[in-house]
Amino acid sequence: MSGASSINVGSYDVHVGAGLLDRAGEIIRAAAPAHRYVIISDANVAPLYAARLRDAVGSAQSELLTIPAGEAHKTRELWSHLTDDLLAAGYGRDTTILALGGGVIGDLAGFVAATYMRGIPFVQLPTTLLAMIDASIGGKTGVDTPAGKNLVGAFHRPRAVIADPAVLATLPPNHLRSGIAEAVKHGAIADAAYYAATNTELPALLANPASSAMRSLIIRSIEIKASIVLQDEREGGIRRNLNFGHTLGHAIESESAYRLLHGEAIAIGMVLEALLGERLGVTASGTAKRLRDTLTRAELPTTIPKDLDLKRILLATHGDKKAREGVTEYALVAEIGRAIAGFRAPDETVLEVLTQSVSAQ
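In the numbering used here, the protein residues as written are 203 to 563.
Rendered as structure tokens:
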């Protein structure tokens, strides 16, 4: 398609281009032909884009299921309701799920697809920056539990990912900044030049999500994640590098009762885990400050909110799915552009870093 780029992630392609939402039917029918299509979206996104997607795939051949918006609804209960709705309507294995929304929708709808009739095809149509560059790539699906994020799920590859940057025009500014956090992470773990370019372009990226700078950011972030996923789909080795900032970030996000957006929590987590790495002698001195400066320019938080319980945050890391042999593991950076996963840290050291974050405010 004219003006669109495609990045291969093994068995599927990620398509990036303005206007792709209205032309998505061609890609979907080629990648995931089906008797019927079920669009799963949320109450914020569906009114904006669901009708256009139904027109693209054929209104008579598609149905829309809408759930409440927000991380708090990425639950086993919603998964159960959605699968029950599909069963009641008589959908069979010749059905394809279309996940239209941000990371919550992609994870939840993907998990529905992974488990319904023991697995049916699905296509990701991310509508947030974070979902475009991170959550929709790599085949992870799942739901949250009271014990932590994404602890119940499955690896289930989409048949295609269709990212239309034009939809970012309706994205609230705080959600745009949340996505920028994952772009910063990609540079921090894998590409120092991309990190520097993102840092330089931040004012333009925040002011105009339809800019050429944003398109370049989306494509390069997808390339970085795709390269890592192709080497390690099941997170046994290098893919763990993508977890930089996420062990503490997920714990902070959960402890905030999802008041913090995912990217906001990850921004705090990256700074904290860089500080932890510096204390352990793994991370180059000054790295945490460099990250803090960049994330501050992106108008993202870099310290733990004062009302959160630090001991509960520490406890939440113990239930993290990245733990090994009952011990929490961290993906750290040696320096900007180079990550090294699999580090264990004493709880007392982690608590000192958390305390330092709060006292520095």
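Backbone N, C-alpha and C fix where the C-beta goes; we use that ideal spot for every residue, glycine too.
Using only CA atoms, which one of the options lies nearest to residue i?
i, options, result
"residue 497", "324, 378, 426", "378"
"residue 519", "539, 501, 556, 433", "556"
"residue 383", "252, 502, 542", "502"
"residue 477", "532, 499, 399, 466", "532"
"residue 213", "327, 340, 271, 247", "340"
"residue 323", "425, 329, 314", "314"
"residue 336", "541, 508, 425", "425"
"residue 500", "405, 356, 511, 475", "405"
"residue 567", "534, 327, 219, 422", "Not covered by the structure: residue 567. The range shown for the chain is 203 to 563."
"residue 505", "447, 358, 287", "447"
"residue 342", "349, 360, 330, 327", "360"
"residue 569", "347, 234, 370, 308", "With the chain running from 203 to 563 in the structure shown, residue 569 is simply not present."
"residue 176", "270, 410, 358", "For the chain, the structure presents residues 203 to 563; residue 176 sits outside this window and is missing."
"residue 211", "494, 491, 430", "430"
"residue 355", "549, 311, 451, 369", "311"
"residue 473", "215, 538, 421, 416", "538"
"residue 440", "542, 230, 370, 287", "542"
"residue 396", "507, 459, 422", "422"
"residue 438", "243, 544, 247", "544"
So for residue i, helix, strand or coil by DSSP?
i, result
"residue 488", "coil"
"residue 555", "helix"
"residue 333", "helix"
"residue 317", "helix"
"residue 355", "strand"
"residue 264", "strand"
"residue 347", "strand"
"residue 256", "helix"
"residue 232", "helix"
"residue 278", "helix"
"residue 562", "coil"
"residue 308", "helix"
"residue 460", "coil"
"residue 291", "coil"
"residue 477", "helix"
"residue 465", "helix"
"residue 249", "helix"
"residue 471", "helix"
"residue 373", "coil"
"residue 220", "coil"
"residue 227", "helix"
"residue 547", "coil"
For residue i, which beta-bridge partners are listed by DSSP?
i, result
"residue 166", "Missing from the structure shown is residue 166; the chain here goes from 203 to 563 and no further."
"residue 326", "301, 363"
"residue 269", "244"
"residue 210", "215"
"residue 342", "357"
Given this structure, state the Cα-to-Cα distance separating residue i from residue j, to the nearest angstrom.
i, j, result
"residue 320", "residue 403", "44 Å"
"residue 203", "residue 435", "Residue placement at residue 203 cannot be trusted, given a pLDDT of 46 that sits under 50; what the coordinates show is reported in the next sentence. Roughly 28 Å separates the two Cα atoms."
"residue 318", "residue 285", "7 Å"
"residue 296", "residue 276", "25 Å"
"residue 547", "residue 530", "8 Å"
"residue 428", "residue 457", "30 Å"
"residue 207", "residue 364", "10 Å"
"residue 299", "residue 481", "46 Å"
"residue 513", "residue 252", "43 Å"
"residue 221", "residue 412", "11 Å"
"residue 367", "residue 238", "27 Å"
"residue 470", "residue 279", "30 Å"
"residue 262", "residue 291", "15 Å"
"residue 256", "residue 232", "16 Å"
"residue 419", "residue 390", "14 Å"
"residue 552", "residue 509", "18 Å"
"residue 217", "residue 351", "28 Å"
"residue 236", "residue 492", "49 Å"
"residue 445", "residue 327", "23 Å"
"residue 266", "residue 489", "46 Å"
"residue 259", "residue 479", "48 Å"
"residue 452", "residue 305", "14 Å"
"residue 511", "residue 316", "36 Å"
"residue 226", "residue 408", "27 Å"
"residue 224", "residue 274", "30 Å"
"residue 347", "residue 353", "7 Å"
"residue 385", "residue 338", "14 Å"
"residue 247", "residue 302", "8 Å"
"residue 358", "residue 398", "33 Å"
Residue i CB to nearest chain C CB: under 8 Å?
i, result
"residue 303", "This model lacks chain C altogether; it includes just one protein chain."
**Request:** Counting only runs of 4+ residues fully inside the region 489-545, write out the alpha helix (DSSP H) ranges in chain order.
**Result:** Here the runs fully enclosed are 489-499, 512-520.
**Prompt:** In chain order, which beta strand (DSSP E) runs of at least 3 residues are fully inside the region 378-455?
**Reply:** Runs of the beta strand (DSSP E) inside the region 378-455: none found.
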